[in-house]
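Residue numbers (mature numbering (1 follows the signal peptide of the UniProt record, and there is no 0)): -21 to -1, 1 to 98.
Note that beta-carbon positions come from the ideal geometry of N, C-alpha and C, so glycine has one too.
Right under this line is the structure:
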């Protein structure tokens, strides 16, 4: 019993460490090395669903900073204000709620499957 409890605990811990599924789509034939600067295409961050409970200034600030950092690591710099950027960026925050319910039945009750129940 203790072994099963440890196994279930370890499996739950391992499942909690799984990464989020990030989907991206881009043109594989496009030469991204030609881009030198970028700018936000407003609105820079869109939420799906458009729920005010998930919108916050802190969330938007963190997402914009993360995108900016990643583009900076790839050699792209923010375009000067008023200048035309080589690349316009827009992000989407999509929140989906999924639920999976798994039930197991170990029989239970008094007596075996083929025998009668007691009580």
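Going by Cα to Cα distance, which pick from 54, 70, 40 and 33 is closest to residue 4? The count along the chain shown starts at 1 and reaches residue 4 at position 25. For the residues 54, 70, 40 and 33, the minimum Cα distance to residue 4 belongs to 70.
Using 8 Å as the Cβ pair cut-off and three pairs as the minimum, do the segment 51 to 58 and the segment 73 to 86 touch? no
When the Cα atoms are used, what is the spatial distance from residue 44 to residue 67? For this step, residue 44 is matched to residue 65 along the chain shown. For this step, residue 67 is matched to residue 88 along the chain shown. Looking at the two C-alpha atoms, the distance is approximately 15 Å.
Sequence-distant residues of the same chain with beta carbon closer than 8 Å to residue 20, five excluded per side: On the chain shown, residue 20 is found 41 positions in, with the first residue counted as 1. Cβ neighbours of residue 20 beyond the five flanking positions: 67, 68 and 69.
Just how far apart, CA to CA, sit residue 34 and residue 64? The residue given as residue 34 occupies position 55 in the chain shown. The residue given as residue 64 occupies position 85 in the chain shown. Their Cα atoms are separated by approximately 27 Å.
Spatial distance of residue 42 from residue -19 (CA atoms): Residue numbering aside, residue 42 sits at position 63 when the chain shown is read from its first letter. Residue numbering aside, residue -19 sits at position 3 when the chain shown is read from its first letter. Straight-line measurement puts the Cα of residue -19 at about 42 Å from the Cα of residue 42.
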